[in-house]
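Numbering (this note's numbering), first residue to last: 84 to 476. Positions of the beta carbon are idealized from the N, C-alpha and C atoms, including for glycine. Data block below; observations after.
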Ligand SMILES: *Cc1c(COP(=O)(O)O)cnc(C)c1O
């Protein structure tokens, strides 16, 4: 009998707690504490992390910042994105992707998702490009790659830069290259839920010397050098602390092994779930040679479960000891978007007609359907033994 009806749960043990801590984390953190060099201007841990992460990613430059949102804001500042610009984004993403566009007083233009992969549909991007389009901002949602070949082709035809939101895609790959290094710039988040965790944290990757300098300066109040008093541009203080740098260096020691385990478990779970009517795992593009599986995503069809609603299915799974989430709801329906567009600063830039036209153009039926059908398992369910996958299935 199902646990929700009074039966014995499939599983009583909790899944891996997160983060996973070792003695090296404690040592590294205490070293920073005792050194009294807590700011990157005074220490060298953030710098060491930047060198290590750039090498791990195969990129020329890495700029560490306070968090993933700051990484996106900084990247767009480096690209000169501002009022009047349109930025192409997927609707199926964390709100930070959209907020980073809005904070520059640019318009996020939502391009519907590919129903098979849940990623932005690269085939639909071109139809949304206007004279105002200034940037393509694909997200590698769940940690699996968006169709970068398709995206780069459109970008090339229209001479547009590409910023990869790789916040969920630590160690993810496209045709053997690391996600975040294939567009002009790529962003990571090291927030507590993410696959590499320093509580808060972020990084920007690029192979472009000029963009790297702009990012480095912007996140350091426009300064020419780390502790200097010469200014090259405007900016903000979005610096990473030495504590974060130290934690990232020690957390890195487990990253590859954890990534391999998630990948193996996820592949095995997919082989099991494929056999279950009503469950359809998100497909990976052929070019996605590695997913970080930050989220394991699938579609739930009540028809395969005698009409049981998704909400009830999630409750039943939780009762069995298998926690899942219904994921994102349609971002463009959030009241904050409309109130932001109607705010005084936006009014100063955009005519009423332009905003009305902009809102009229939003058409993402595939996303709306996905938001009603999707279920996620978080990355922490994939860090245990293979038998955990049998229990989930
Ligand atoms: C987590 C996340 C961000 C923001 O990162 P923070 O570190 O929380 O600021 C941006 N985009 C996506 C897709 C994310 O998952």
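What's the C-alpha gap between residue 325 and residue 303? Counted from its first residue, the chain shown places residue 325 at position 242. Counted from its first residue, the chain shown places residue 303 at position 220. The straight-line gap separating the alpha-carbon atoms of residue 325 and residue 303 is approximately 15 Å.
Measuring alpha carbon to alpha carbon, tell me which of 161, 276, 291 ends up nearest residue 284. Here residue 284 corresponds to residue number 201 of the chain shown, with the count starting at 1. Out of 161, 276, 291, 276 has the C-alpha closest to the C-alpha of residue 284.
Does ligand 1 have even one heavy atom less than 8 Å from the beta-carbon of residue 186? Against the chain shown, residue 186 aligns to sequence position 103. Not under cutoff, so the answer is no.
To the nearest angstrom, how far is it from the Cα of residue 449 to the Cα of residue 320? Locating residue 449 in the chain shown gives position 366, counting from the first residue. Locating residue 320 in the chain shown gives position 237, counting from the first residue. About 39 Å.
If you drop the 5 nearest sequence neighbours on each side, which residues of the same chain put their C-beta closer than 8 Å to that of residue 365? Residue 365 sits at position 282 when you count from the first residue of the chain shown. Excluding residues within five positions, the ones whose Cβ falls inside 8 Å are 199, 200, 201, 225, 227, 380, 381, 382.
When you compare the stretch 181 to 200 with the stretch 326 to 336, are there three or more beta-carbon pairs, one atom per stretch, that lie closer than 8 Å? At 8 Å Cβ cutoff, the stretches do not touch.
Can you check DSSP and say which residues form a bridge with residue 269? Indexing the chain shown from 1 puts residue 269 at position 186. DSSP, once it has assigned bridges, lists 247, 288 as partnering residue 269.
List the whole-angstrom C-beta distance separating residue 150 from residue 272, where the pair is believed to meet the contact cut-off of C-beta under 8 Å. For the purposes of this step, residue 150 is identified with residue 67 of the chain shown, where counting begins at 1. For the purposes of this step, residue 272 is identified with residue 189 of the chain shown, where counting begins at 1. The Cβ separation is near 6 Å, so the contact holds.
If I follow the unbroken alpha helix (DSSP H) through residue 237, where does it start and stop? If you number the chain shown from 1, residue 237 lands on position 154. From DSSP, the alpha helix (DSSP H) with residue 237 extends over 231 to 241.
Taking buried to mean at least 16 other C-beta atoms within 10 Å of its own C-beta, is residue 468 buried or exposed? Stepping through the chain shown from its first residue, residue 468 is reached at position 385. So residue 468 counts as exposed.
Less than 8 Å separating the Cβ of residue 52 from some heavy atom of ligand 1? There is no way to answer for residue 52, as the model of the chain reaches only from 84 to 476.
Alpha-carbon to alpha-carbon, residue 341 and residue 254: Locating residue 254 in the chain shown gives position 171, counting from the first residue. Locating residue 341 in the chain shown gives position 258, counting from the first residue. Computed Cα separation, rounded: 11 Å.
State whether the stretch 95 to 115 contacts the stretch 307 to 321, with contact taken as three or more CB pairs (one from each stretch) at a distance under 8 Å. They do not touch, by the three-pair rule.
I want to check one thing, is the minimum distance from the CB of residue 454 to the heavy atoms of ligand 1 below 8 Å? Numbered from 1 along the chain shown, position 371 holds the residue referred to as residue 454. When distances are taken from the beta-carbon of residue 454 to the heavy atoms of ligand 1, even the shortest one reaches 8 Å or more.
Distance, residue 175 Cα to residue 396 Cα: Locating residue 396 in the chain shown gives position 313, counting from the first residue. Locating residue 175 in the chain shown gives position 92, counting from the first residue. Approximately 22 Å between the Cα atoms of the pair.
Tell me which same chain residues have a C-beta within less than 8 Å of the C-beta of residue 394, skipping the five on either side of it? For the purposes of this step, residue 394 is taken as residue 311 along the chain shown, with counting starting at 1. So the qualifying residues of the chain are 409.
With a cut-off of 8 Å, do at least 3 Cβ pairs link the stretch 142 to 162 to the stretch 288 to 296? Yes: at least three Cβ pairs fall under 8 Å.
Would residue 84 be called buried (16 or more neighbouring beta carbons within 10 Å of its own) or exposed? What you label residue 84 is simply residue 1 of the chain shown in a count that begins at 1. Taking every protein chain shown into account, the CB of residue 84 has fewer than 16 other CB atoms within 10 angstroms, so this residue is exposed.
Going by the C-beta, is residue 222 closer than 8 Å to any heavy atom of ligand 1? The sequence position of residue 222 within the chain shown is 139, counting from 1. Yes; taking the cut-off as 8 Å, the Cβ of residue 222 has a heavy atom of ligand 1 nearer than that.
Only counting the same chain, and skipping five residues up and downstream in sequence, which positions put a Cβ closer than 8 Å to that of residue 318? Reading the chain shown from its first residue, position 235 is the one you call residue 318. Here the set comprises 160, 300, 301, 302, 303, 304, 305, 306.
Reduced DSSP category for residue 457 - H, G, I as helix; E, B as strand; rest coil: One-based indexing of the chain shown puts residue 457 at position 374. Residue 457: strand per DSSP, three-state reduction.
Rounded to a whole number of angstroms, what is the C-alpha to C-alpha distance between residue 261 and residue 103? As a position in the chain shown, residue 261 is number 178, starting the count at 1. As a position in the chain shown, residue 103 is number 20, starting the count at 1. Cα to Cα, the separation comes out at about 24 Å.
Quick check: is any heavy atom of ligand 1 less than 8 Å from the C-beta of residue 277? Residue mapping note: residue 277 aligns to position 194 of the chain shown, counting from 1. Ligand 1 has a heavy atom closer than 8 Å to the beta-carbon of residue 277.
Does the stretch 438 to 445 come within contact of the stretch 347 to 355, defined as at least 3 CB pairs closer than 8 Å? No: the two stretches stay apart, fewer than three of their Cβ pairs being nearer than 8 Å.
Is it buried or exposed for residue 419, if we count other Cβ within 10 angstroms and need 16 for buried? If you number the chain shown from 1, residue 419 lands on position 336. Exposed is the label assigned to residue 419, since fewer than 16 other Cβ atoms lie within 10 Å of its Cβ.
Quick one: what's residue 112 bridged to in DSSP? If you number the chain shown from 1, residue 112 lands on position 29. Looking at the DSSP assignment, residue 112 forms no beta bridge with any residue, so it has no partner.
I'd like the ranges of any alpha helix (DSSP H) spanning at least 4 consecutive residues and lying wholly in the stretch 118 to 154. Those alpha helix (DSSP H) runs which fall completely within the stretch 118 to 154 and span 4+ residues are 128 to 140.
I'd like to know whether the C-beta atoms of residue 405 and residue 94 end up nearer to each other than 9 Å. Walking along the chain shown from the start, residue 405 turns up at place 322. Walking along the chain shown from the start, residue 94 turns up at place 11. Against a cut-off of 9 Å, the Cβ pair of residue 94 and residue 405 comes out as a contact.
Buried or exposed for residue 274, please, with buried defined as at least 16 other CB atoms from any protein chain shown within 10 angstroms of its CB. In the chain shown, counting from the first residue as 1, residue 274 sits at position 191. Residue 274 counts as buried, since no fewer than 16 other beta carbons sit within 10 angstroms of its beta carbon.
Taking residue 207 as the reference, give the member of 446, 115, 344 with the closest Cα. On the chain shown, position 124 is the one that residue 207 refers to. Closest option to residue 207, judged by alpha-carbon separation, among 446, 115, 344: 446.
Please classify residue 279: does DSSP put it in a helix, a strand, or coil? Position 196 of the chain shown holds residue 279. In the structure shown, residue 279 falls within a coil segment according to DSSP collapsed to helix, strand and coil.
Does ligand 1 have a heavy atom nearer than 8 Å to the CB of residue 298? Your numbering for residue 298 matches position 215 in the chain shown. In this structure, residue 298 has its beta carbon at no less than 8 Å from each heavy atom of ligand 1.
Can you tell me the Cα-Cα spacing of residue 453 and residue 278, whole angstroms? Here residue 453 refers to the residue found at position 370 of the chain shown. Here residue 278 refers to the residue found at position 195 of the chain shown. The alpha-carbon atoms of residue 453 and residue 278 are separated by roughly 24 Å.
So does residue 155 have its beta carbon nearer than 8 Å to some heavy atom of ligand 1? Position 72 of the chain shown holds residue 155. Because some heavy atom of ligand 1 lies under 8 Å away, the Cβ of residue 155 counts as near it: yes.
Check whether the Cβ atoms of residue 423 and residue 185 sit closer than 9 Å, and answer yes or no. Position 340 of the chain shown, counting from 1, holds the residue named residue 423. Position 102 of the chain shown, counting from 1, holds the residue named residue 185. Taking 9 Å as the cut-off, the beta carbon of residue 423 is found closer than this to the beta carbon of residue 185.
Going residue by residue through the stretch 376 to 409, where are the continuous beta strand (DSSP E) segments of at least 3 residues, counting only ones entirely within it? For the stretch 376 to 409, the continuous beta strand (DSSP E) assignments of 3+ residues that do not extend past its boundaries occur at 378 to 383, in sequence order.
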